[in-house]
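Visitor: Sending over a structure as structure tokens; questions will come in a sec.
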DNA sequence: GCCAAAATCATCCGAAAGGATGATGTCGAA
DNA sequence: TTCGACATCATCCTTTCGGATGATTTTGGC
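Chains as they are written, first to last, in our numbering: chain A, 1 to 148; chain B, 1001 to 1148.
Spelled out as structure tokens, the structure:
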């Protein structure tokens, strides 16, 4: 949370500084309140939404997903297996993305972490699943009903 | 999304109107830019975060639609897809082994060909399926009913 | 506030995978 | 017999994976 506070502080400061600088140089000051107000509002609304999204991002992976495959019933994650293997939510999330065929880099980009982080998650996951390769991890994951 | 735009518009208008009203009555106009900027920033950041939270919360309320086809029916390879993509039997065979999590070397050993051969089969397969990685090939293969 | 689990990131290094290309060999159809 | 599809193998080179290790930061409970 500290990071966020800092972020806001800095951002606010920057915006205000920018406004001051601009005010005395290029823009007419008439009706500036509306203009600047709108500007600030827009910027902070954007940042706010972004932040809000980030805050809750992947809060819980317990969401049950439905599959379009017309041959199988709804997927229900086997919580027992998850607990027995000690697989964390993040690891599950990444396993799913691997099953979708993403590379480590792509996974990092979609969940907003570095490729390195993805790799460490994977290392641990492999160990927990007893897998030597990502394809094997996917196979085991499906077998144990960790992923659809 | 229209609702959000409207919401923001109205809110922005309200805030600015409020500011105007206040400006001419109670507050000193000196340094008002900073004060109002901060105010607007705070308000919109809050609203933004709140909105962001709402957005993701809604996303988590995923509905579970489901098809009621009987449990596992035997797998039937989609010959049409196979023909359409021009995938050869050997390539299919290897794709299945990949889906089981085998490495190229292991596949070569189980099918009695060299690792190099496996690789060329795979290269062609990837091209036909439009896959960049083996995991992706497996995903596509399952999707198109080339493999169970 | 403190602690443990989870998540984050990095670096080094070897192994595996993937791309590009060329060369045989086999077999069935034209 | 010639041609084309399929299968086989190789070499060179780049990218991606995965293992090992160490470290910091968040976070949830107590």
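All C-beta atoms, glycine included, are put in the ideal place defined by N, C-alpha and C.
1) Following the continuous alpha helix (DSSP H) through residue 1123(B), name the residue where it begins and the one where it ends.
2) Note down, in chain order, all residues in the region 101-119 of chain A with a beta-carbon under 9 Å from any beta-carbon belonging to chain B.
3) Is residue 1086(B) buried or exposed, if buried means 16 or more other CB atoms sit within 10 Å of its CB?
4) How should residue 1118(B) be labelled, buried or exposed, when 16 other C-beta atoms within 10 angstroms of its C-beta is the threshold for buried?
5) Nearest chain A C-beta to residue 1139(B) closer than 7 Å, yes or no?
6) Counting only Cβ pairs nearer than 8 Å, list the residues of chain B close to residue 98(A).
7) Which bits of chain A does residue 1131(B) rub up against, with CB to CB less than 8 Å?
8) Let me know the secondary structure DSSP gives residue 1146(B) once reduced to three states.
9) According to DSSP, is residue 1140(B) helix, strand or coil?
10) For a test of the three-state rule: what should DSSP assign to residue 77(A), helix, strand or coil?
11) Hey, would you say residue 1107(B) sits closer than 7 Å to residue 1097(B), going by beta carbons?
12) Between residue 1090(B) and residue 1140(B), what straight-line distance do the alpha-carbon atoms span, to the nearest angstrom?
13) If I'm right that residue 1103(B) touches residue 124(A) with Cβ under 8 Å, what's the distance once you round it to whole angstroms?
14) Just the C-alpha distance for residue 94(A) and residue 121(A), rounded to the nearest angstrom, thanks.
15) Once DSSP output is grouped into helix, strand and coil, what is the label at residue 133(A)?
16) By DSSP, does residue 1108(B) sit in helix, in strand, or in coil?
17) Could you check where the alpha helix (DSSP H) with residue 90(A) kicks off and where it finishes?
18) Quick check on DSSP: helix, strand or coil for residue 85(A)?
19) For my contact list, residue 138(A) and residue 1135(B) are in at a C-beta cut-off of 8 Å; report their separation, rounded to the angstrom.
20) Work out the CA separation of residue 1080(B) and residue 1146(B) for me, nearest whole Å.
21) Can you give me the Cβ contacts of residue 128(A) inside the same chain, cut-off strictly under 7 Å, excluding the 5 residues immediately before and after it?
Guide: With the structure as the only source:
1) As a working note, residue 1123(B) is residue 123 in the second chain. Its alpha helix (DSSP H) spans residues 1115-1129.
2) 101, 102, 103
3) Residue numbering aside, residue 1086(B) sits at position 86 when the second chain is read from its first letter. Residue 1086(B) comes out exposed.
4) In the second chain, counting from the first residue as 1, residue 1118(B) sits at position 118. Burial call: buried.
5) Sequence index remark: in the second chain, residue 1139(B) carries index 139 (1-based). Yes, because at least one Cβ of chain A sits closer than 7 Å to the Cβ of residue 1139(B).
6) Counting from 1 along the first chain, the entry for residue 98(A) is found at position 98. What residue 98(A) touches in chain B: 1135.
7) Locating residue 1131(B) in the second chain gives position 131, where the first residue counts as 1. Those are 101, listed as they occur along chain A.
8) Stepping through the second chain from its first residue, residue 1146(B) is reached at position 146. Looking at residue 1146(B) - three-state DSSP - the assignment turns out to be coil, as it is neither helix nor strand.
9) Counting from 1 along the second chain, the entry for residue 1140(B) is found at position 140. Residue 1140(B): helix per DSSP, three-state reduction.
10) In the first chain, residue 77(A) corresponds to position 77, counting from 1. In the structure shown, residue 77(A) sits in coil (DSSP, three-state: anything other than H, G, I, E or B).
11) Position 107 of the second chain holds residue 1107(B). Position 97 of the second chain holds residue 1097(B). Cβ atoms of residue 1107(B) and residue 1097(B): closer than 7 Å.
12) One-based indexing of the second chain puts residue 1090(B) at position 90. One-based indexing of the second chain puts residue 1140(B) at position 140. Cα-Cα distance, rounded: 17 Å.
13) Position 103 of the second chain, counting from 1, holds the residue named residue 1103(B). Position 124 of the first chain, counting from 1, holds the residue named residue 124(A). With 8 Å as the limit, residue 1103(B) and residue 124(A) do not qualify as a contact, their Cβ atoms being about 21 Å apart.
14) What you label residue 94(A) is simply residue 94 of the first chain in a count that begins at 1. What you label residue 121(A) is simply residue 121 of the first chain in a count that begins at 1. Distance between the alpha carbons of residue 94(A) and residue 121(A): 8 Å.
15) Locating residue 133(A) in the first chain gives position 133, where the first residue counts as 1. In this structure, residue 133(A) counts as coil in the three-state DSSP scheme.
16) In the second chain, residue 1108(B) corresponds to position 108, counting from 1. Residue 1108(B) falls in the helix class under three-state DSSP.
17) The residue given as residue 90(A) occupies position 90 in the first chain. First-last of the alpha helix (DSSP H) with residue 90(A): 89-99.
18) Within the first chain, numbered from 1, the residue matching residue 85(A) stands at position 85. Reduced to three states, the DSSP call for residue 85(A) is helix.
19) Here residue 138(A) corresponds to residue number 138 of the first chain, with the count starting at 1. Here residue 1135(B) corresponds to residue number 135 of the second chain, with the count starting at 1. Yes, residue 138(A) and residue 1135(B) are in contact; Cβ-Cβ is about 6 Å, under 8 Å.
20) Mapped onto the second chain, residue 1146(B) falls at position 146. Mapped onto the second chain, residue 1080(B) falls at position 80. In a straight line, the C-alpha of residue 1146(B) is about 10 Å away from that of residue 1080(B).
21) Within the first chain, the letter at position 128 stands for residue 128(A). Same-chain partners within the cutoff: 85, 86, 87.
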